[in-house]
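J.: One structure, pasted below without further comment.
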Amino acid sequence: MESVLDFSRDFDVSSLDKVVMTFYSGHGEDAKLAQNVLTQFEEHPDAWTHVPEILEKASFPQTKFIGLQILGKLVSTRWKTLPEGQRQGIRNFIISATVKVTSDEALLRREKLYVNKLNLVLIQVLKQEWPHNWPNFIPELVESSKTNLTLCENNMTILKLLSEEVFDFSAEQMTQAKIASLKQQMWNEFSEIFKLCSEILAEANKVSLIKATLETLYKFLNWIALGYVFETQIIELLINRFLEPPDSRNVTLRCLAEIARLPAPEYNDRVIFIYTSVMAAVSRIIPIHANIAEVYRNASPSDEELVLNLALFLTNFFGEHLELVENDAHREILLSGHIYLVKISAVEEREVFKICAEYWAKLLSGLYNEVTALPIGNLSLSLAGIPHVLGDLKMRKDIYAEVLSNLRLVVIERMVKPEEVLVVENDEGEIVREHLKEIDTIVLYKSMRELLIYLTHLDVVDTEAILTRKLAKQVDGTEWSWQNLNTLCWAIGSISGAMNEDTEKRFLVTVIKDLLGLVEQKRGKDNKAVIASDIMYIVGQYPRFLKAHWKFLKTVVNKLFEFMHETHEGVQDMACDTFIKIAQKCRRHFVMQQAGEKEPFVNEILRALNRITVDLSPQQVHTFYEAVGYMIAAQPNKLHQEKLLAELMDLPNTAWDTLMVQAAQNADVLSSMDNVKLFSNVLKSNVSACISVGPFFLPQLARIFADMLGLYKAVSGIISETVAQEGSIASKKTHIRHLRTVKKDILKLMETYIQRADDLESVNNSFIPPLLDAILGDYNRNVPIARDSEVLNLMTVVTNRLGQLLTPQVIPIIDAVFEPTLAMITTDFTEFPEHRLWFFKLLEAINRNCFPALLQLQPDQFKMFMNSVFWAIKHTMRDIADVGLGMLGELITKFSQSPPEVAGPFFQQYFTTIMQEIFFVLTDSEHKSGFTAQVAILAKLFLFANTMLEKVPLFETERIDTTNRILLQEYLANLLGSAFPHMQKAHIIEFVGGLNEFYNDGIKFRGAARDFLIQLKEFSGDELYLDEKEAEAQKKAEQERQVAMSIPGMLKPSQLEEKDENI
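Residue numbers (UniProt numbering): 1 to 1063.
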């Protein structure tokens, strides 16, 4: 096998064929050896010289692909280093190889994959050579297309690929100047391309050629001048020749959908012509009375695609040109198009529905805004569904009344599961608890809920009528099924807040009564579980109704307590989740004495706490404690609040006290697994209560604090002793793992309280000294595998919360955790992932909040700190790398703002090191997700070197007639030149000069860095634009939230801040 690696001998293609065959069909060591040989062959700098022979003589298709892979890599990474003659030779070879295969139709069909790969290599060459070194490419291609139909077909594919490279994928693969040049060239030469496409579409009869041309035209439509579309006969050709024949209608409809998306105000008549002509043709292919959802279930892939393309056409047209047909003259075709769209929305294919939903949201939003813009404002919404109330006022929503009523029914019947629902039907038809959330379903529910909120606002009477009618059919059994009941109840729950309070009250009372009746009526645990799940979901979505109707709220909560005894999978979980949701939204009502009641309901709950929770699992009990904690936090009277807290914690405290008494009498209490589990359970109950009670949890924490630290030390002693005797294997023993859980629960409780404490001075004085004494020494002394990452987590929380108050304690914290943790995480990038993340977050917290403490570190300690920062930015785990980059950027800023006697020595020692480390990650493709942060740090370094650090000598030199700016430029040019010898020196100097010029202009600075990375050919993904895309998505989400806040019901109750429920 190794003979193919000997480049001093004549090359034997058959030997390479054998290696490739062994790799693809061999086994074991032979296959592994073949893989190694192929890898070495592909990476050899002279391998490309054998490509012509490989493509000419190879008998195995995969061998040819390897040859083209080598050639493609050469073109994309080393093209500029080749002499002009070799570049011309490779170009001619690729053209002749392509023409040879594509001139013979039988050969083209047989070698389709090979031709596709050849085309891609040709495109890589074009990106390097066209237009400056190959100005006649387009004319040559057009002329060659006239010589042979099969060749013409492949030329269409090449033009399509070229369009994609220039207009779709260029941002991630070419420099900005190159992109601009190629786009301009395409625009300049498009008339010849368009003429060729038009001639083919007007005269050709060969189906494959027509389809290839239509596919290519489709790629052109989003960037060509509008005159090519609307001032030529191309539209008539598409509609009259290709829209109805089955072979071409899908790609034709896609082209027309793309045209329908174009804003073209000067061509309104042509746009209307397109719509009327397409709808006339569609009515012949799919009659308007057809049940499209039913047809789709049994359709061929081609017919499924037709429905998808019709959805795209209609949504694109209505989305861009709705006002052109929203008038009396075009009323019939307007409504017929929307009826088609409603029918398509009923198709059981999510991708099709998402396309429709996006348009429906835009339409409904516009109709809603028109109503709310009336002089009587939001009052019009409550009247909008009542006939004659708005008089003769003509509104757009009236045009669509029937369409919207049908759409309501479709959305209700297709409603998907909200994430709050835990009880689901599995593939076997069994009712079970859901364990994995489907992100796609959650996103789809959000968009469907938005549609139904708008639809309810636009006609609340019709919405209520449809929901009530469908619920009646569940009760009488005519439409009874789990799926039908679920979708109906999910729809009812999704419109919370969209009705006025009187309508909501009447509607909801009917719904809950009917559902409670169904619980009694239906037999079987599965049936009851489904109905219980639906009841709990609905009541959890209507806190406004519950707060306004105390007796109903109390009835609902008591029903939840009943469901907590129901052992069917998922029901208890959902009962607890619904209870905590109601407790959060209605917390004040539980601690007030309501009319007709002898005492606040919370007192009743606390007395019955043991009876209510007896059938719950420990995790569910903890959820219950958290829920009651929200009620206690809402009690404004401090004495009453402390009494309620004591009652809530009575059972855990009794168990705690009993264990502590036993521990005082017998040191072996912790040797019992049951006792250890009980300790853990009690601590978790405290954590749950602390989460919701917040700063008012102080009396309870103070009660157990001293005992808790004693327990921590005792548990730590047992673990350390066991590990010392039995080695690190002891940490895997069940008993030791449970003991470590107790330690983690103690750390979690302290973290939870400190996160919520409001008297930080008291926390710092009363809790921190004994806490640090208990945990830091233990962490330092333990073997690595027995150290708890939660210690680092707690120290991070303490540092962030206490800030400068903690500065005196920072050195002891660093002394205890720094070196031991560093030793654990610097052997590789993967071991101890939790310790790794929290270690760097702790350093970040110290840097941000206690910077003066870093200046007190010994020089060797500070150097270790800096090395840790550099280690962080080199991680491929994005969260750690982001922490490292954030820390480094902040560190540079803080030192730059320090006095000269502090800043000067720091930058003299670390400036070039930081520069090296940043360029290391910047030019490493595995770290491209951090591109924006890396470039921001670079810009800071250039800024400081050119301004405030101008008088600080950053580079060692004996020259006196120079500056940091000049030395930095020379240093970087040498650094990058030695790191990337294949880069031309002129490009490196131009890049460094750009950085030195643009450091105050973030956009230009990032652009220069992007162009450099693309020139390195290390980066081809869109991660170089990741941060901008994330920022844009965040901005869009915030805008959507602002809009949603102005529409009653658009935000779910759980997303609203209940200011009146706060203390």
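Think of the CB as a built atom: it goes at the ideal place given N, C-alpha and C, for glycine as much as any other residue.
For the region 602 to 658, list the beta strand (DSSP E) runs that are entirely contained and at least 3 residues long, ordered along the chain.
T.: none
J.: With a 10 Å radius around its C-beta and 16 neighbouring C-beta atoms as the bar for buried, classify residue 119 as buried or exposed.
T.: The residue in question, residue 119, is buried, as its Cβ has 16 or more Cβ neighbours within 10 Å.
J.: For the region 324 to 376, which segments carrying the alpha helix (DSSP H) assignment without a break, of at least 4 residues, lie completely within its bounds, in sequence order?
T.: 331 to 345, 350 to 372
J.: Would you call residue 559 buried or exposed, if buried means 16 or more other Cβ atoms sit within 10 Å of its Cβ?
T.: buried
J.: If we call anything under 7 Å between Cβ atoms a contact, is residue 67 one with residue 54?
T.: Taking the C-beta atoms as reference points, residue 54 is found nearer than 7 Å to residue 67.
J.: In chain order, what residues of the same chain have a beta carbon less than 8 Å from the beta carbon of residue 975, not counting five sequence neighbours either side?
T.: So the qualifying residues of the chain are 915, 916, 919.
J.: Three-state secondary structure (DSSP) at residue 60?
T.: coil
J.: Looking at the unbroken alpha helix (DSSP H) that takes in residue 988, where does it start and where does it end?
T.: 985 to 998
J.: Where residue 134 and residue 98 are concerned, what is the direct C-alpha to C-alpha distance, given to the nearest angstrom?
T.: 17 Å
J.: So, helix, strand or coil for residue 297, using DSSP?
T.: DSSP places residue 297 in helix when its eight states are reduced to three.
J.: Which residues mark the beginning and the end of the alpha helix (DSSP H) in which residue 810 is found?
T.: 807 to 825
J.: Using a Cβ-Cβ cutoff of less than 7 Å, which residues in the same chain neighbour residue 8 once the five nearest sequence positions on both sides are dropped?
T.: none
J.: Report the residue from 627, 623, 594, 602 whose alpha carbon sits nearest the alpha carbon of residue 583.
T.: 627
J.: Compute the beta-carbon to beta-carbon distance between residue 145 and residue 155, rounded to the nearest angstrom, for a pair I have assumed lies under 8 Å.
T.: Contact between residue 145 and residue 155 holds: CB atoms are separated by about 5 Å, below the 8 Å threshold.
J.: Output needed for residue 368: all residues of its chain with C-beta closer than 6 Å, excluding positions within five of it in sequence on either side, in chain order.
T.: 454, 457
J.: Leaving out five residues on either side along the sequence, give the residues of the same chain with a beta carbon under 6 Å from the beta carbon of residue 464.
T.: Around residue 464: 507.
J.: Considering Cα atoms alone, identify which of 740, 518, 108 is closest to residue 482.
T.: 518
J.: For the alpha helix (DSSP H) containing residue 596, name the first residue and the last one.
T.: Element bounds for residue 596: n/a, residue is neither H nor E.
J.: Using three-state DSSP, classify residue 8 as helix, strand or coil.
T.: coil
J.: Among 165, 226, 168, whose alpha-carbon lies nearest the alpha-carbon of residue 191?
T.: 226
J.: Straight-line CA distance for residue 574 to residue 222?
T.: 49 Å
J.: Classify residue 952 as helix, strand or coil using the three-state DSSP reduction.
T.: coil
J.: Once DSSP output is grouped into helix, strand and coil, what is the label at residue 1020?
T.: Any reading at residue 1020 must be qualified, since the residue scores a pLDDT of 39, below 50, and its modelled position is unreliable; no value is offered.
J.: Flag this pair as yes or no: are the beta carbons of residue 149 and residue 209 separated by less than 7 Å?
T.: yes
J.: With a threshold of 6 Å on Cβ separation, who are the neighbours of residue 186 within its own chain once the five nearest residues in sequence on each side are excluded?
T.: Once the five neighbours on either side are set aside, the close Cβ partners of residue 186 are 166.
J.: Any idea if residue 109 is buried or exposed, counting beta-carbon neighbours within 10 angstroms, 16 or more meaning buried?
T.: exposed
J.: Taking the straight line between their C-alpha atoms, what separation do you get for residue 285 and residue 248?
T.: 13 Å
J.: Assign residue 830 to one of two classes, buried (16 or more other C-beta atoms within 10 Å of its C-beta) or exposed (fewer than that).
T.: Result: exposed.
J.: Can you find the residues in the same chain that come closer than 7 Å, C-beta to C-beta, to residue 785, ignoring five residues on each side of it along the sequence?
T.: 728, 731
J.: Could you tell me if the beta carbon of residue 469 falls within a distance shorter than 6 Å of some heavy atom in the ligand FAD?
T.: With respect to the ligand FAD, the structure offers nothing, as it holds no ligand at all.
J.: With DSSP as the reference, label residue 247 as helix, strand or coil.
T.: DSSP places residue 247 outside both helix and strand once states are collapsed to three, so it counts as coil.
J.: Over what stretch of residues does the alpha helix (DSSP H) that includes residue 525 continue unbroken?
T.: 525 to 540
J.: Could you say if the region 855 to 872 and the region 808 to 823 meet the contact criterion of at least three C-beta pairs nearer than 8 Å?
T.: yes
J.: I need the straight-line Cα distance from residue 625 to residue 687, nearest angstrom please.
T.: 9 Å
J.: Are the beta-carbon atoms belonging to residue 537 and residue 420 less than 7 Å from one another?
T.: yes
J.: Report the rounded CA-to-CA distance for residue 588 versus residue 529, giving the unit in angstroms.
T.: 30 Å
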